[in-house]
Amino acid sequence: MSQQIIFFILAAITLTSAVVVVTIRNLFHAALALMVSFLGVAGVYVLLEAPFLGMAQLLVYIGAISILIIFAIMMTRRLMQTNESPFNAQAVGALIGAGLALAILFIVIIRFYPMAPGDGFGQSAMVVDPATLQSSVARMGRSFVSAEAYVLPFEVASVLLLAALVGSIVIAWPHRGEEDNQ
Amino acid sequence: MNILDLLKSLLSLSLGDFIRRNFGTGPGTELLIDLGGVVILSTFCLLIVIFLIWLTRKIVARMQDRIGPNRVGGRFGLLQTVADVMKLLSKEVIHPAGADWVAFNAAPLLIVISALLMWAVMPFAPGVIGVNLNIGVFYILAISSASVMVILLAGWGSNNKYALLGAFRAVAQMVSYEVPMILALLVPIILASTMSTEGIIAAQTLPFILFAPVSALIFFVSSLAETGRTPFDLLEAESEIVAGFHIEYSGMKFGMFFLAEFLNTLFMSGLVVTLYLGGYRFFGLENWVSADGYPYGRLIGLAAFFAKTFLLYFIYDWIRGTLPRVRVDQILNFNWKFLVPLSLALVFFVAIVDKLIPPGTNVVVRMTIHLLLNILIAAVALELLRRRGRQNRLAMSAGGGSGGVEAVAGHGGGHDDHGHDGPQPIEDVPDVLDTPLGAREPVVIPVH
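Chains Y and G supply the protein sequences, listed in that same order. Under our numbering, the first residue of the first sequence is numbered 422, with each subsequent residue one higher. Under our numbering, the first residue of the second sequence is numbered 8, with each subsequent residue one higher.
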């Protein structure tokens, strides 16, 4: 019961700030609201007994991506001073698209991820063994590097990140003859 | 009888057990215990800062051949900070014109909140911990990286270009030094094979500083930069610029930033103690339970923890009182060109070597192997630095002395290593500027 109360509070925070992100005129405030939204999602992860994921959300999205977004906003002076309405004339199309996406998600979740055996829709939470939760980080680490699990996606992602890193260094590297003019 | 029980519980730091014995175990009781714990922990943290500020002022004053606070509250000026807090509280609240109201007011609150949140996983004594997360160290990293955001908020919200510049500098420094800090933290995590702070202490039958002195040193240096202490205190270089990102804050809002800085420094001391110096361990005495079931050993553990933590805190102040400040390019170069590669190599080799040692090996043997590995890595790093420094000095002296801008600019865009370890000056290359940081670049003030 208390979990559901906390979930609804978190959901309210996440959704409200998400709405603020797209409706507010001040871009800097929109970025702040986006952070609050990320924070709410991190809270949902913690509530789902996935604290590692929650903290990764905090570290990556608030600690890195939000800072990147805010730097980008601050560096572009003209972007800060626009006072245009954030709305355009595509509300109907967006509504239809969002409705369809919701319907697909709903069907997928109901059909392919049923609740615990014997439970109907929305009745009781699944009970997870505490020992499983305690070792979840270690098991996640092992499944990243075990051949039966996710070693291939993990390595592909690593190579992608490495390529991005090398690419950024190559772009930032001073070209010959351009060193003097800073 | 009940009072005696209460006193014994207080003395053995097991008030929660006392409440459970007397009021039964249920969700209501647990909620009460949790809330009480939160209140006690955060109040303690906020109050100890008053003492810390006094301590720092006294220590630094002694190092600078001054007396320090000596008027308010007796000979030692014990109440000086209390008076300062009163002054800050009674000052006018000033809003700069055009300041962003939300960001300007949220920043001082959020920075203290994030500083307090980290204390939740700090183990004070066996069983005396806010919450024993199995991802404790990761939690600390996540919270501290989120606090970088707050500085940006403060700098932006002030509507002041100097505050914004200060915030950019602070963020650049903190984001950079997070990298070696995380990498150095991985070493005790590998050694203990857990991320829980209590688990790391439990794994230290010998303190990890004997296993991983290089990692401890890297962590200590980057924690100096993370908290913005000397020699990395150009976030608010008092003698050069006014205040950096919190220039527009006055009164208690400024006090909040001050509070968070001291809280973070004490936290970092405690974290070094937890990760490398065995935390609350004190020759097994901390687990002593008396015959009638009260764990009095916790008190010994608490005393041991605070003794070690304040020793570390004294070292932070010692550095604050003695070392000069370094330039911003030196800070970033030292990080990216020395600390990050070193800590990457360290994590790599420690992980391999720790896997090669068969499980069940005597802890002293394991410690010796790790110590030798650390000495080897440190020696190789210093030797590389020494060679690099010699090359740079030769290039400089060939290119027209220490002021040779062309010589340095032709050297690949400031590509020289800034070895802080100070390779010995070489006699056959005279008239070379040898600053304490071994910097060989001409001082060019970057215009942003």
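Beta carbons: idealized from backbone N, C-alpha and C, even for Gly. Predicted, not measured: the structure shown is a model, and the values here were computed from it.
Using DSSP bridges, identify the partner residues of residue i.
| i | result |
| --- | --- |
| Ala132(G) | Val135(G) |
Exposed or buried, which one is residue i when buried takes at least 16 other CB atoms within 10 Å?
| i | result |
| --- | --- |
| Thr316(G) | buried |
| Ala161(G) | buried |
| Gly164(G) | buried |
| Phe274(G) | buried |
| Gly367(G) | exposed |
| Asn342(G) | buried |
| Leu159(G) | buried |
| Ser506(Y) | exposed |
| Glu247(G) | exposed |
| Asp107(G) | buried |
| Glu268(G) | buried |
| Leu282(G) | buried |
| Lys94(G) | exposed |
| Asp324(G) | buried |
| Leu96(G) | exposed |
| Leu379(G) | exposed |
| Val144(G) | buried |
| Ser297(G) | exposed |
| Leu582(Y) | exposed |
| Arg563(Y) | exposed |
| His596(Y) | exposed |
| Gln87(G) | buried |
| Ile486(Y) | exposed |
| Ala585(Y) | exposed |
| Gln587(Y) | The displayed chain sequence assigns Val, not Gln, to residue 587(Y). By the 10 Å Cβ count, Val587(Y) comes out exposed. |
| Glu233(G) | buried |
In terms of residues, what are the limits of the alpha helix (DSSP H) holding residue i?
| i | result |
| --- | --- |
| Thr32(G) | That residue, Thr32(G), is in no alpha helix (DSSP H); it is neither H nor E in DSSP. |
| Trp295(G) | Counting along the chain, Trp295(G) falls outside any alpha helix (DSSP H), and DSSP gives it neither H nor E. |
| Val481(Y) | Per DSSP, Val481(Y) belongs to no alpha helix (DSSP H) and is neither H nor E. |
| Val513(Y) | Ala512 to Phe533 |
| Ile207(G) | Thr204 to Ala210 |
| Ser154(G) | Gly143 to Gly164 |
| Thr553(Y) | Pro551 to Gln555 |
| Lys168(G) | Lys168 to Ala199 |
| Leu213(G) | Run containing Leu213(G): none; DSSP gives neither H nor E here. |
| Val221(G) | Pro220 to Glu233 |
| Ala584(Y) | Val572 to Ala593 |
So residue i and residue j are supposed to be a Cβ contact under 8 Å. How far apart are they, rounded?
| i | j | result |
| --- | --- | --- |
| Leu39(G) | Ile26(G) | 7 Å |
| Gly173(G) | Gly105(G) | Actually they are not in contact, since the Cβ atoms of Gly173(G) and Gly105(G) sit about 17 Å apart, beyond 8 Å. |
| Leu140(G) | Ser203(G) | 6 Å |
| Thr237(G) | Val370(G) | Wrong, their Cβ atoms sit about 37 Å apart, outside the cutoff. |
| Asn77(G) | Val221(G) | That pair is no contact at about 41 Å. |
| Ala191(G) | Ile216(G) | Not quite, the Cβ-Cβ distance comes to about 12 Å (not below 8 Å), so this is no contact. |
| Ile445(Y) | Ala439(Y) | That belief does not hold up - the Cβ atoms of Ile445(Y) and Ala439(Y) are roughly 11 Å apart, past 8 Å. |
From the DSSP output, in three-state form, read off residue i for me.
| i | result |
| --- | --- |
| Val89(G) | helix |
| Gln425(Y) | helix |
| Pro365(G) | coil |
| Phe447(Y) | The sequence as given places Asn at residue 447(Y); Phe does not occur at that position. Coil. |
| Lys65(G) | helix |
| Gly285(G) | coil |
| Arg73(G) | coil |
| Gly396(G) | helix |
| Asp324(G) | helix |
| Phe330(G) | Rather than Phe, the amino acid found at residue 330(G) in this sequence is Leu. Correct three-state label for Leu330(G): coil. |
| Leu18(G) | helix |
| Ala106(G) | coil |
| Tyr301(G) | coil |
| Phe356(G) | helix |
| Asp423(G) | Caution applies to Asp423(G), whose pLDDT of 44 falls short of 50 and renders its modelled position unreliable; the value that the coordinates give is listed next. Coil at Asp423(G), not helix or strand. |
| Arg82(G) | coil |
| Ser256(G) | Ser is not the amino acid found at residue 256(G); the sequence shown has Tyr there. Three-state result, Tyr256(G): coil. |
| Asn342(G) | helix |
| Ser246(G) | coil |
| Ile10(G) | helix |
| Asp24(G) | helix |
| Phe264(G) | helix |
| Ile490(Y) | helix |
Quick check: is the beta carbon of residue i nearer than 8 Å to any beta carbon in chain C?
| i | result |
| --- | --- |
| Asn141(G) | Structure shown: chain C not included; protein chains present are Y and G. |
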